[in-house]
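The opening residue of the sequence shown carries number 0 in numbering that gives the first Met the number 0; numbering runs sequentially from there.
Even for Gly, the Cβ is constructed at its ideal location relative to N, Cα and C.
This one's a predicted model, so the numbers in the text were calculated from it and none came from an experiment.
Report on the structure given below.
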Amino acid sequence: MNKYKKLVSNTAVIGIGTFGSKFLVFLLLRFYTDCLSPSQLGDADIITQTANLLMPVVCAGITDGVFRFALDRHEDKRYVFSVGVFTILCGSVILLLLTPIFQQIKPLTDYLGRPGYLWLISVYVIAACYHSLCSQFARARGNTKLFAIQGILATALNILFNLIFLLGFQMKVVGYVLSIVIADILSTLFLLWIDRLWRFVSYKYLDRTLIRRMLRYSVPLIPTTVFWWVTNASDRFMVKAMLGSEANGLYSAAYRIPTLLILASGIFIEAWQFSAVTEADSSHREEHRRFFGIVFGSFQALIFFAGAVLIAFTRVIAAILFASDFYASWSYIPVLVFATVFSSLVTFMGSVYLVDKKSVLSLLTSLVGAGLNIILNFLFIPHLGPNGAGIATFFSYFVVFILRAVSSRKRLPFDLHLVRLCLNSIIMTVQTLFLVFSWPLWILVQVLCVCAMIAVNFQSLYRGVRQVLSRGAGKLASSDEQDTQPNT
0 MNKYKKLVSN TAVIGIGTFG SKFLVFLLLR FYTDCLSPSQ LGDADIITQT
50 ANLLMPVVCA GITDGVFRFA LDRHEDKRYV FSVGVFTILC GSVILLLLTP
100 IFQQIKPLTD YLGRPGYLWL ISVYVIAACY HSLCSQFARA RGNTKLFAIQ
150 GILATALNIL FNLIFLLGFQ MKVVGYVLSI VIADILSTLF LLWIDRLWRF
200 VSYKYLDRTL IRRMLRYSVP LIPTTVFWWV TNASDRFMVK AMLGSEANGL
250 YSAAYRIPTL LILASGIFIE AWQFSAVTEA DSSHREEHRR FFGIVFGSFQ
300 ALIFFAGAVL IAFTRVIAAI LFASDFYASW SYIPVLVFAT VFSSLVTFMG
350 SVYLVDKKSV LSLLTSLVGA GLNIILNFLF IPHLGPNGAG IATFFSYFVV
400 FILRAVSSRK RLPFDLHLVR LCLNSIIMTV QTLFLVFSWP LWILVQVLCV
450 CAMIAVNFQS LYRGVRQVLS RGAGKLASSD EQDTQPNT
């Protein structure tokens, strides 16, 4: 199996196990907007986003470190996993000891709504950290099918407990969060049982040299993840602070639509990271550069096309998935989709840093994005409302993409397909403006823009399919040399 087929195969397995199940959660958006008011949905989103902020701090970024080091063939998997387990254990103990202290901080408890929410956040963080550790370790060991199956299980459990807690017991915000927590715990137990992960855990596997090496890689990922959280989620905190819980609830509902794009690109990125690292170990550098360029061209084409379709059908999707109280939030969706497209491109660029274990470069670029996002939020939200937060997020990702494109190509000068990238961006800009402002002929413009997106990206998609169907990567090096020239 050539590297392209292997990438597609891994993507397909992860996609089958992830997209279908999580798409059901996406469809539950109508259920959430029926069971929760805009302010309640906004509060639930604040709780989960706060937990997401704490996760990299509590686990010291070790889940990413376990994934990267477990991919190395010369590393003993038992030592790698044991470092991850005990690092999270230490962080969890510290978090539980600090939670009662945090409860005494009145501005914090007033902002969250209830003091008890802090314990809910702590349990959420610990459960999510161990679930992420076990699932990432399974993926790094090549257990792609198990990784996909546990994703299906986690989603099914989340849906089940949502129905029990929200529909049955009317637990509102607490029920929403508990559904995620219990699903994480049971999925972790499933992985421990099926993969017999206890075999990889022991105090005797705690090697000081390995701990230092892993933490040297992982610790810079703590601020990196925090900065990405700032770029991704700080706008919701600032919308709530400036405009109130109801406005944040509407904005949070709108944010769920680009989740489809995040989900689809995330499935590919999970498979791609595995291929990027393993192929770097076994391929000639020139072949690896060509591999990156071809894959990025196809990924760019797919993500822009998917974003264009999502924008074109924004009003239809909102009418189907949103309760009437939330429908007005459709106008925030196009900008958020555009931002998500560049977020996906930024993540792809970060795979170069992953291959070379250059987590510091990831840190520096994410710092720029986070700082810019906060500044633009302060400037835009008071004047443009929730859409100002979306615009701030877009510009943050756009700037970080440029920075990462420049720095990553210094390490691996792969083809960015720059002309096509610019054309795609222009088409999506026109789409977004016509829809948000409801300019005349906006429906016709949406149709024309989607058609233009197909025309611009068809050749790249065709090349990607041809690479997959080819029997070997070797003959492609010569027959497709002309297809990998810069700026096509």
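{"Check": "Range covered by the alpha helix (DSSP H) that runs through Lys409", "Outcome": "Pro385 to Arg410"}
{"Check": "Candidates Gln272, Val449, Ile125 and Ala317, of which the one nearest Val84 by Cα", "Outcome": "Ile125"}
{"Check": "Arg288 versus Val354, Met241 and Ser264, residue with shortest Cα-Cα distance", "Outcome": "Val354"}
{"Check": "Simplified DSSP assignment, three categories, for Arg314", "Outcome": "helix"}
{"Check": "Leu152 and Leu177 closer than 9 Å at C-beta", "Outcome": "no"}
{"Check": "Per-residue burial, Pro154 [other beta carbons within 10 Å of its own, 16 or more giving buried]", "Outcome": "According to the sequence as given, residue 154 is Thr; it is not Pro. Buried."}
{"Check": "Terminal residues of the alpha helix (DSSP H) in which Met170 lies", "Outcome": "Run containing Met170: none; DSSP gives neither H nor E here."}
{"Check": "Euclidean distance between Cα positions of Ser244 and Leu53", "Outcome": "22 Å"}
{"Check": "Beta-carbon contacts of Val308 that lie in its chain and below 7 Å, excluding the five residues immediately before and after", "Outcome": "Val449"}
{"Check": "Rounded separation between Thr431 and Arg113 - CA only", "Outcome": "38 Å"}
{"Check": "Beta-carbon spacing of Ile87, Thr62 below 9 Å", "Outcome": "yes"}
{"Check": "Neighbour-count burial assignment, Pro333, 16 or more Cβ in a 10 Å radius", "Outcome": "buried"}
{"Check": "Host alpha helix (DSSP H) of His73 (start-end)", "Outcome": "Per DSSP, His73 belongs to no alpha helix (DSSP H) and is neither H nor E."}
{"Check": "Gln272 versus Leu35: straight-line alpha-carbon distance, rounded", "Outcome": "37 Å"}
{"Check": "Whole-Å CB distance - Gly60 paired with Thr224, under 8 Å assumed", "Outcome": "7 Å"}
{"Check": "Inter-residue CB distance, Ser343 and Ile374 (contact presumed, cutoff 8 Å)", "Outcome": "Not really, about 23 Å apart at Cβ, beyond 8 Å."}
{"Check": "Beta-carbon proximity check, Glu74 vs Phe66, cutoff 9 Å", "Outcome": "no"}
{"Check": "With 16 other Cβ atoms within 10 Å as the buried cut-off, status of His130", "Outcome": "buried"}
{"Check": "Selection from Ile221, Val82 and Leu188 that minimises the alpha carbon distance to Ser510", "Outcome": "What the structure shows of the chain is the stretch from 0 to 487, and residue 510 is not part of that stretch, so it cannot be assessed."}
{"Check": "Stretch pair the region 335-350 + the region 388-396: three plus CB contacts closer than 8 Å", "Outcome": "yes"}
{"Check": "Same chain, Cβ closer than 6 Å to Leu156, five either side skipped, listed in chain order", "Outcome": "Ala182 and Leu185"}
{"Check": "Alpha-carbon to alpha-carbon, Ala270 and Lys144", "Outcome": "12 Å"}
{"Check": "Euclidean distance between Cα positions of Asp414 and Leu402", "Outcome": "16 Å"}
{"Check": "Touch test, the region 421-429 against the region 373-387, Cβ-Cβ under 8 Å, three pairs minimum", "Outcome": "no"}
{"Check": "Short Cβ contact (9 Å threshold) for Arg408 with Gly296", "Outcome": "no"}
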